[in-house]
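Novice: Numbering (the UniProt record's numbering), first residue to last: 1 to 143.
For glycine and all other residues, C-beta sits at the position ideal for the given N, C-alpha and C.
Here's a structure for you.
Pasting the structure below:
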């Protein structure tokens, strides 16, 4: 990947994303082979474009082991930021007074990720026929 493309990718982030990048940079350190910015760029490229290790090797002109090691280093740094990046789920109680929730008064179990056991009639059950085509259509729609 040339310098201009790399700069284009990195400058496309919002302020919050840049703050996360600077936090990651503080958790990690450059090594002899790859600097922190390139490690993060490889990591984000894999996540954003769902590409294989071999594509990253070609784009960044790095060995397979180097790409794997640095991807894992960034992943570990992101995992250390779990408490800062991931908002904890707070369940809604039945005595919640916000007016917006009055419409969902009897649905709180469903909204709170509580699963309700349902017996679906055999006539209404989905079958496996067409499932392969359905997944291909989904992937085409996402692409």
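If contact is defined by three or more beta carbon pairs under 8 Å, each pair taking one atom from either stretch, is the segment 37–48 in contact with the segment 68–80?
Specialist: The segment 68–80, when compared against the segment 37–48, does touch it at the 8 Å Cβ threshold.
Novice: Whose C-alpha, out of 126, 59, 81, 122, is nearest the C-alpha of residue 23?
Specialist: Here residue 23 is taken as the residue at index 23 of the chain shown, counted from 1. Answer by Cα proximity: 81.
Novice: Within 8 Å: the Cβ of residue 117 and any heavy atom of the ligand SAM?
Specialist: With respect to small molecules bound, the structure shown includes none, and the ligand SAM cannot be examined in it.
Novice: For residue 119, does the three-state DSSP call read helix, strand or coil?
Specialist: Counted from its first residue, the chain shown places residue 119 at position 119. It is coil, neither helix nor strand.
Novice: Entirely within the segment 16–82 and at least 4 residues each: give me those alpha helix (DSSP H) ranges in chain order.
Specialist: Counting whole runs of 4 or more residues, the segment 16–82 contains the alpha helix (DSSP H) stretches 36–49, 53–60, 64–80.
Novice: If we ignore side chains and look at the alpha-carbon of each, how far apart do residue 7 and residue 121 end up?
Specialist: For the purposes of this step, residue 7 is identified with residue 7 of the chain shown, where counting begins at 1. For the purposes of this step, residue 121 is identified with residue 121 of the chain shown, where counting begins at 1. One C-alpha to the other measures close to 56 Å.
Novice: Cβ of residue 86 within 9 Å of Cβ of residue 62?
Specialist: Along the chain shown, one-based indexing puts residue 86 at 86. Along the chain shown, one-based indexing puts residue 62 at 62. Going by C-beta atoms, residue 86 is not nearer than 9 Å to residue 62.
Novice: So what does DSSP say about residue 140, is it helix, strand or coil?
Specialist: Taking the first residue of the chain shown as 1, we reach residue 140 at position 140. It is helical.
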